[in-house]
Every structure is written in structure tokens, then in C-alpha cells.
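Trainee:
In this note's numbering, the protein residues as written are -12 to 310.
1) Taking residue 171 as the reference, give the member of 209, 108, 129 and 197 with the closest Cα.
2) Would you call the stretch 250 to 264 in contact with the stretch 167 to 182, where contact means no fewer than 3 C-beta pairs closer than 8 Å?
3) State the CB to CB distance for the pair residue 289 and residue 89, rounded to an integer number of angstroms; the pair is presumed to be in contact (CB under 8 Å).
4) Along the chain, where does the alpha helix (DSSP H) containing residue 189 start, and where does it finish?
5) Between which residues of its own chain and residue 221 is the CB-CB distance below 7 Å, once the five residues before and five after are set aside?
6) For the alpha helix (DSSP H) that residue 208 lies in, which residues bound it at each end?
7) Assign residue 305 to one of two classes, buried (16 or more other C-beta atoms within 10 Å of its C-beta) or exposed (fewer than that).
8) Would you mind sorting residue 50 into buried or exposed? The rule is 16 or more other CB atoms within 10 Å of its CB.
9) Can you check the stretch 230 to 268 for any alpha helix (DSSP H) of at least 4 residues that lies completely inside it and give the ranges in chain order?
10) In the DSSP assignment, find the alpha helix (DSSP H) that holds residue 293 and state where it starts and stops.
11) What residue range is occupied by the uninterrupted alpha helix (DSSP H) comprising residue 140?
12) Hey, how far is the Cα of residue 54 from the Cα of residue 72?
13) Just the C-alpha distance for residue 204 and residue 192, rounded to the nearest angstrom, thanks.
14) DSSP on residue 299, reduced to helix/strand/coil?
15) Short check: CB of residue 267 to CB of residue 167, under 8 Å?
16) Applying the criterion that 16 or more other CB atoms from any shown protein chain within 10 Å of the CB defines a buried residue, is residue 125 buried or exposed?
17) Counting only the same chain and skipping the five closest in sequence on each side, list residues whose C-beta sits under 7 Å from that of residue 297.
18) Per DSSP, what kind of secondary structure is residue 108 in: helix, strand or coil?
19) Work out the CA separation of residue 277 and residue 152 for me, nearest whole Å.
20) With DSSP collapsed to three states, give me the class of residue 93.
21) Whole angstroms is fine: what's the gap from residue 214's alpha carbon to residue 187's?
22) Taking the beta carbon of residue 160 as the centre, do at least 16 other beta carbons fall within 10 Å, making it buried, or is it exposed?
23) Does the stretch 131 to 145 come close enough to the stretch 91 to 111 that 3 or more CB-CB pairs lie under 8 Å?
24) DSSP on residue 100, reduced to helix/strand/coil?
25) Hey, could you find the ends of the alpha helix (DSSP H) residue 170 is sitting in?
26) Roughly how many whole angstroms lie between the Cα atoms of residue 239 and residue 199?
27) Classify residue 87 as helix, strand or coil using the three-state DSSP reduction.
28) Taking the alpha-carbon of residue 150 as reference, which of 128, 127, 284 and 176 has the nearest alpha-carbon?
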């Protein structure tokens, strides 16, 4: 609109210049009045100066407009670059987080000892520390983190990956294990029986006092590896020897003898004296079975994410923009 107005002004000035020049030519042809001719010439020069001034102003404003457009384009390019970097950051974070979940689930599934750990929510991976307190981050950084948390949460929901359900089972299973261990450590007759077995076998295998397996250690392993469905002494596998502090062949033979005798005493005591604790073991084992099944299911769902999104970065990028 402004430029159109300026064009009109220039056109009016040019028309005025043409009229004045024409008038001057006409006067010059029909009169010898030098004053009138000079006056006409002055008017023509003034109009010409006006044209030049308007052109100069228009040129300056056009240059300023071009400069502003260049700045806007540069700013747009910078914003596009930032957005590109944000998307790359999000993609890397999502891939890293999903891989972490996969590694933890695989470890849980193939661990010889059935102890499970809670799977972390993405928001729990970058806690605030004295070195990196929340207030030290810019609003942009915090905003980006919040966006990413929401996107990851939606992604997990879309693939039906329920971390809350899994973690709740883990908590219940570990709580039952701890309750049984703590309760049995207070059963002095059982503790004395286990310690006596360990002491007698140590003497038979010439094991030094420092390497004798303690009753508390036996209880921890017996509860952790308990299987009430196959509780007979020959069906409960011994723990990895390192967990009993055994590192030589002689100590391993000693540990195996202690283990075989201890588990028999352990189940006999529970069935005869403490059926309520035995029932807690049964409950824990049921939850362990649920956990194992759920672990396999989650691994399959994570594999789906990897197959559908991680093989093609454009698909992952599109998904993140949609979430």
C-alpha cells in the first residue's frame, strides 16, 4: 500500500514536470519574455529535484525492506535449524531410552537369579543434581524435556507398554521376598540348624572359619531361589557359587553339601512350623511367573517399535511430530 502511494506521487511529479516543460516550450516559442522563461526553467528544475529526491527515498526504503527480508529469512533458517536439532535430539533420546528398557528386560529374563528391578520412566533418567539443578536449565531446555516426556509417554501407550503394571509387580515380588527373609531371620531354631549344618560340613571339608557360609546368607538364597512346586531337595538348584562366596573346587563341594542339606531343613521347617510364611513364598512365586510372562510381552512390543520405527528415521521423525 505504501509503495503504491509513492508510485502515485512520482507519477504526479513527472506529469507536473512534463506540463511545466511543455508550458515553457510553448511560452518560449511565442514570447521573448526572458523572466517568464527563467521562471519556467526554475519550476522545471524544482520538479526534477523533487523527482530525484523521491527516487532516492524510494531506493533507500527498498534497500531497508530488502535488509529486513534478509534478516527474516536468516532468522527463519536459524529457527528451522534449531527445530531440526530438536528433532534429532528427540530421536536419539527415544532410541536410547527404548534400548535401555530392552536391555533391562533381557537381563531380567535371562538372569539365573529371579530378582527383578523396576523399569525407569523417562523422566527419572535425568534427575536434578547439585551440579545440574532444574533452575540452571533454560526455559527452552525445560520445555523441550517436557515435550519429550509427553511424546515418550504417548508412544509407550500406543504400543501398550505399561510400565506401571510391571513396576507394581516388581515391587510386590521384592516386598514379599524381603518380608519372608526378615521373618525367617528371627526364627532362631531354623537359623541355628542352618549354621550347624554349615559348621559341620566346613569341618569335614577343612574349610577355614573365614569362609564358612553364614546362616543369613543361606536364608537369602533359599528364599530367592525357592520353588514350592518342586521343593524336594534334589530339585532346588544351588545358586551361582559366587553368591555364596565360593571360589575354589574344595569350597564349591563344601557349598553344595551345605546347600543340599539346608534346603531340606528349610522346607521341613516351613511346612511344619510356619505355613503362613510358606504361603507367602507361594504368592511370590506366582507373581514371579506373571513377571516373566509380562517381561516377554514387553520385549515383543519393544521389538515392534524397533521394527516399525527404528529401521527408518523418517518414520520415527514423523511419529514424533504426530505424538
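Heads up, the beta-carbon is just placed ideally off N, CA and C, and yes, glycines get one too.
Mentor: With the structure as the only source:
1) 209
2) yes
3) 5 Å
4) 175 to 191
5) Residue placement at residue 221 is poorly supported in this model, since its pLDDT is 48, which falls under 50; the coordinates still yield a value, given next. No residues qualify anywhere along the chain.
6) From DSSP, the alpha helix (DSSP H) with residue 208 extends over 202 to 211.
7) exposed
8) exposed
9) 236 to 260
10) No alpha helix (DSSP H) holds residue 293; DSSP gives it neither H nor E.
11) 126 to 145
12) 27 Å
13) 19 Å
14) The answer is coil: DSSP assigns residue 299 none of H, G, I, E or B.
15) yes
16) exposed
17) 82 and 303
18) coil
19) The straight-line gap separating the alpha-carbon atoms of residue 152 and residue 277 is approximately 11 Å.
20) Three-state DSSP puts residue 93 in a helix.
21) Taking C-alpha positions only, residue 214 is separated from residue 187 by approximately 26 Å.
22) Counting Cβ neighbours within 10 Å, residue 160 comes out buried, since at least 16 surround it.
23) Touching, yes.
24) coil
25) 150 to 172
26) Between the C-alpha atoms of residue 239 and residue 199 there is a straight-line separation of about 12 Å.
27) helix
28) 284
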